[in-house]
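A quick write-up on the structure given underneath.
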Amino acid sequence: MDLLATTTIRRPVSDVYAFWRRLENLPTFMAHLQEVRSTGDRTSHWTASAPFDRSVEWDAEITDEVPDERIGWRSTGDADVPNTGKVWFVPAPDGVSTEVHVLLVYDIPGGKLGEAVARYFGEEPHQQLDDDLRRLKQVLETGEVVRSDGAPWGKRARKEFPQRPAQPLSSDEIAKGEAA
C-alpha cells in the first residue's frame, strides 16, 4: 500500500526537520506508534499497535538523508510490517512555513483481507496518515496535541470503538478512561 500526505507547518524547515529526525518524537503525533528507539546513528527499533490489541515491531535504517531537506528509510530484517518511506521538508512560499510531504509504502499483514479487516475496525491508513500530520502540525505550532472533550484521553480513546452517536460519557466510562 502506498500512502502520500502533505501538510504545511508554520515553523522553519530546520525546526521541523530536527523534530522529525529525533525519531523518539514520532510517537507524540503518530497514533499507532507506541515507541521508536534509536539503536544507532541511522538505525532504530519501532513498536506499533495493530488490530485486536496486538503489537508489531521492526528495525529500520535511514537510507537517504539530506539535512533540512529529506529523510528516507526502510525496514530491515524480518519486519512484522515491511515498509519504506520518505519525508521531504520544503520551504513554503510564505518564506516562514514548511511543507511536509510523506510517502509511506508498506505491506499490510494478510494482504487485501488484512486491509479490509483494518478498514472495518476503523483503521483507514490514508486517514490515519492525514491525522498524524495534523497532530504534527499541532505539536510544532502550539506545543501540544489539542484534545477535544469527545476524546480527552488521546491515544487511549481509540479503544472506545465501536463509535456511537455523540453523547456525554457515563460515570463508568469516565472512571474506566481515567484508570487506563
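Numbering (this note's numbering), first residue to last: 7 to 186.
By construction, the Cβ of each residue, glycine as well, lies at the ideal position given by its N, Cα and C atoms.
These numbers were taken from a predicted model, which means no experiment stands behind them.
| Check | Outcome |
| --- | --- |
| Local Cβ density within 10 Å of Pro-171, reported as buried at 16 or more and exposed below that | The predicted position of Pro-171 is uncertain, since its pLDDT is 46 and thus under 50; a value taken from the coordinates is nonetheless stated next. So Pro-171 ends up on the exposed side. |
| Spatial neighbours of Asn-89 in its chain, beta-carbon cut-off 6 angstroms, leaving aside the 5 residues before and after | Ser-81, Tyr-112 |
| Length of the line joining the Cα atoms of Pro-33 and Leu-39 | 5 angstroms |
| Start and end residues, beta strand (DSSP E) containing Arg-60 | 60-72 |
| Other residues of its chain near Leu-109: CB distance less than 8 angstroms, five sequence neighbours each side excluded | Asp-8, Leu-9, Leu-10, Gly-91, Lys-92, Val-93 |
| From Gln-133, Glu-75, Pro-131, Pro-57, residue whose alpha carbon lies closest to that of Arg-27 | Glu-75 |
| Through-space distance from Pro-73 to Trp-199, alpha-carbon basis | Outside the displayed span of the chain (7 to 186) sits residue 199, for which this structure offers no information. |
| Identified DSSP bridge partners for Leu-10 | Leu-109 |
| The region 143-152 contacting the region 12-25, beta-carbon criterion three pairs below 8 angstroms | yes |
| Proximity of Asp-86 and Glu-63 at Cβ, strictly below 8 angstroms | yes |
| Contacting residues, own chain, Cβ-Cβ under 7 angstroms from Trp-12 (five flanking each side not counted) | A quick correction: the sequence has Thr, not Trp, at residue 12. Only Glu-105, Val-106, His-107 meet the Cβ criterion. |
| Check whether Arg-48 and Glu-67 have beta carbons under 8 angstroms apart | yes |
| Assigned secondary structure, Gly-78 (DSSP; H/G/I helix, E/B strand, else coil) | strand |
| Val-145, enclosing alpha helix (DSSP H) - first and last residue | 131-148 |
| Bridge partner(s) assigned by DSSP for Trp-26 | DSSP output for Trp-26 lists no bridge partner at all. |
| Beta-carbon proximity list for Glu-41, same chain, < 7 angstroms, skipping 5 on both sides | Pro-33, Thr-53 |
| Secondary structure of Gly-101, DSSP reduced to three states | coil |
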